[in-house]
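In terms of my numbering, the sequence shown is residues 22 to 301. Note that the Cβ used here is the ideal one computed from N, Cα and C, for glycine as well. A short worksheet on the structure shown next.
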Amino acid sequence: MLTSLTATVPESTPIVPEVRFHKDRRYEFIFNRVSWDEADRVCHKKGGYLSIIDDVEEAYFLTNSSELHDTWIGASRKRGYPWYWTHTGEMLNTNVTDNAIDLFANHPQRIGYDCFNLFRDKNNKPLFVDRRCAQRFGFICEEVSEPEPMIELNSFRGRYYMFSSHLTTWDDAVATCNKNGSYLAIVDDVEEAKFIVNASRYFHDIWVGGHRTHHGEWEWTHTGQEVPGPNDSRAFLRWINNLIRPNLNCVNIYRDSGNRPYFLERSCEEKHTFVCEEGE
Numbered sequence: 022m023l024t025s026l027t028a029t030v031p032e033s034t035p036i037v038p039e040v041r042f043h044k045d046r047r048y049e050f051i052f053n054r055v056s057w058d059e060a061d062r063v064c065h066k067k068g069g070y071l072s073i074i075d076d077v078e079e080a081y082f083l084t085n086s087s088e089l090h091d092t093w094i095g096a097s098r099k100r101g102y103p104w105y106w107t108h109t110g111e112m113l114n115t116n117v118t119d120n121a122i123d124l125f126a127n128h129p130q131r132i133g134y135d136c137f138n139l140f141r142d143k144n145n146k147p148l149f150v151d152r153r154c155a156q157r158f159g160f161i162c163e164e165v166s167e168p169e170p171m172i173e174l175n176s177f178r179g180r181y182y183m184f185s186s187h188l189t190t191w192d193d194a195v196a197t198c199n200k201n202g203s204y205l206a207i208v209d210d211v212e213e214a215k216f217i218v219n220a221s222r223y224f225h226d227i228w229v230g231g232h233r234t235h236h237g238e239w240e241w242t243h244t245g246q247e248v249p250g251p252n253d254s255r256a257f258l259r260w261i262n263n264l265i266r267p268n269l270n271c272v273n274i275y276r277d278s279g280n281r282p283y284f285l286e287r288s289c290e291e292k293h294t295f296v297c298e299e300g301e
């Protein structure tokens, strides 16, 4: 078990994190009360991220899985920008429609309240609440890395794929694949993307072989072939655009809790799992 934080908590509150699973996702509930920024750092240090909530079912699961009533989750905003999930950069729709998650306790536009909290009311209903980031609450880390490195081998359409749970930068992933006589995977269509994200429940955030060139275009590094980008009508897979962080030049495949694959541009220096591909 990972070492818990040293923040003081009431004796009646357990400080050992609780682990729960939902739709092949792993969640670690941490009872130590910290600021949102500290919670974000702790989750990254553990190899995970502050939890993302994709639907109402997931929200109810999280609020009813522990004794926590007020929990930091992974949404925040910067002055002048909309709310977004920090891990993916995907914007939150706070204007409730038939397709939105109707969990907002209020219209979250209060000045200085820039971090999201998941609150459980007296009826055990989950609510999103905007709070000051310096306030101290427990928090939920999602997809915490397995303690031991893991490699899985799979095949698809006559090609072989090696999935590694070792967290590494995009450049190091390229080098590792090349050293083994393979290359960082190329994704040709939706079917291949679905195969990659569903090959193992431990792989939700995976480096693949796409990167942005000096001319601003996306390409597969192994072949030099173009990758239809975020605003290209030819794109066969939805991109999650990150409008907050600059210099996102490497391609990652992200799987949400509904097992849907997305292309996601990330900083090449981030560390994620990766998949190597090899021909017959």
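Go through its chain and collect everything with a Cβ distance to Ser56's Cβ below 8 Å, but skip five positions before and after it.
Same-chain partners within the cutoff: Cys154, Ala155, Gln156, Arg157.
What does a CB cutoff of less than 7 Å around Lys292 pick up in its chain, not counting 5 residues either side in sequence?
For Lys292, where only same-chain residues beyond five positions count, the Cβ hits under 7 Å are Leu188, Thr189, Thr190.
In terms of alpha-carbon separation, which member of Ile161, Asp135, Asn85 lies closest to Arg100?
Of the candidates Ile161, Asp135, Asn85, the one whose C-alpha sits nearest the C-alpha of Arg100 is Asp135.
Expressed to the nearest angstrom, what Euclidean distance is found between the alpha-carbon atoms of Trp228 and Thr294?
Spanning the two alpha carbons is a distance of roughly 6 Å.
Determine the contact status of Asn138 and Asp91, defining contact as a CB-CB distance below 7 Å.
Yes, the pair counts as a contact, with Cβ atoms nearer than the cut-off.
Helix or strand or just coil, what does DSSP make of Ile217?
The answer is helix: DSSP assigns Ile217 an H, G or I state.
Which same chain residues end up closer than 6 Å to Cys271 when comparing Cβ atoms and leaving out the 5 residues on each side of it in sequence?
Answer for Cys271: Trp191, His232, Arg287, Cys289, listed in chain order.
Name, in chain order, the residues that DSSP records as bridge partners for Pro282.
In DSSP, Pro282 forms a bridge with Arg276.
Pick helix, strand or coil for His65, following the three-state DSSP scheme.
If DSSP states are grouped into helix, strand and coil, His65 belongs with the helices.
Quick check on Leu258: does DSSP put it in helix, strand or coil?
In the structure shown, Leu258 sits in coil (DSSP, three-state: anything other than H, G, I, E or B).
Name the two residues that bound the continuous beta strand (DSSP E) containing Glu137.
Going by the sequence as given, residue 137 is Phe instead of Glu. 136-141 is the extent of the beta strand (DSSP E) around Phe137.
State yes or no: is the C-beta of Ser97 within less than 7 Å of the C-beta of Thr107?
For Ser97 and Thr107, yes; Cβs fall inside 7 Å.
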